[in-house]
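Here the sequence shown is numbered in the working numbering, starting from 63 and rising by one per residue. Written out below as structure tokens is the structure these notes cover.
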Amino acid sequence: MKFALDLDGCLADFNTSAIALGNRLFGTSVGWDDPPQWDYFKLHWTEEQQDQLWNAMEEEFWLGLNPLISKHQWQDLDRLCFKHEVYFITSRTLGSVKRYAEAWLANQGITYPTVLVAKTKGLLAWGLELDFVWDDYPEFLRNVKYYRGWKTRCYLENHEYNKDLNGDWIRVSGFADLLQKEGLV
Ligand SMILES: [Mg+2]
């Protein structure tokens, strides 16, 4: 099989680190576990501060993100990467994101990670002929459905910011749930 897994919000805990960095930079005390909206930076920080925050995310930040899956699950995922074609697709758009993401995945135990960086995911799903994708951002899954229809199964990771949105996807709560739904356990 061929499939794509998202990083931030699925495998990597971007939000906790980003909020902590914002609080440190601006002396705020934003304390969400799971932000109420996708572009939550806008809720507490000015546009200038948001730019500052993005610019402050350097190598140390990206390599320091906490994983959202356990050590044991990383081992399972690495095994799956040898059996299947697995892509890690991220929409991070800053400088060296590809290399940082690959280094981060290698640190988690993925032997040969393939990271693709893209602003939308539908055309990639079409070109790669993916069997399924896992993402926390509904817009990406809509885009995948637009190009692939039933040919790619779309899994939406449950979060506070997507809980009220309906669409042509299957909701999952974490990696174990995803594997179970795909019969990969
Ligand atoms: Mg994401």
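For every residue, glycine included, the Cβ atom is placed at its ideal position computed from N, Cα and C.
So, using beta-carbon positions, are F65 and D193 closer together than 8 Å?
Yes, Cβ-Cβ distance for F65 and D193 is below 8 Å.
Measure the Cβ-Cβ separation of L69 and A163 and say whether it is below 8 Å.
If you check the CB distance, L69 and A163 come in under 8 Å.
Should Y199 be listed as close to ligand 1, given that the test is whether its C-beta is under 7 Å from any heavy atom?
Yes; taking the cut-off as 7 Å, the Cβ of Y199 has a heavy atom of ligand 1 nearer than that.
How is the alpha helix (DSSP H) around C143 delimited, first residue to last?
Taken as a continuous stretch (DSSP letters only), the alpha helix (DSSP H) holding C143 covers K133 to K145.
Just to confirm before moving on: does the CB-CB distance between G93 and E219 stay below 8 Å?
Result no, Cβ atoms of G93 and E219 do not sit closer than 8 Å.
Less than 7 Å separating the Cβ of G71 from some heavy atom of ligand 1?
Distances between the C-beta of G71 and the heavy atoms of ligand 1 include at least one below 7 Å.
Boundaries (first-last residue) of the beta strand (DSSP E) holding V206:
If you look at V206, you'll find it isn't in any beta strand (DSSP E); it sits in the alpha helix (DSSP H) that goes P200 to R210.
Pull up the distance between the alpha-carbon of G126 and that of T152, whole angstroms please.
So the alpha carbons of these two residues sit roughly 17 Å apart.
Alpha carbon to alpha carbon, how far is R161 from T90?
Cα to Cα, the separation comes out at about 31 Å.
Measuring from the CB of D101, is there a heavy atom of ligand 1 at a distance below 7 Å?
No, ligand 1 has no heavy atom inside 7 Å of this Cβ.
Hey, quick one: how far does the beta strand (DSSP E) through I232 stretch, first residue to last?
Counting along the chain, the unbroken beta strand (DSSP E) around I232 starts and ends at I232 to V234.
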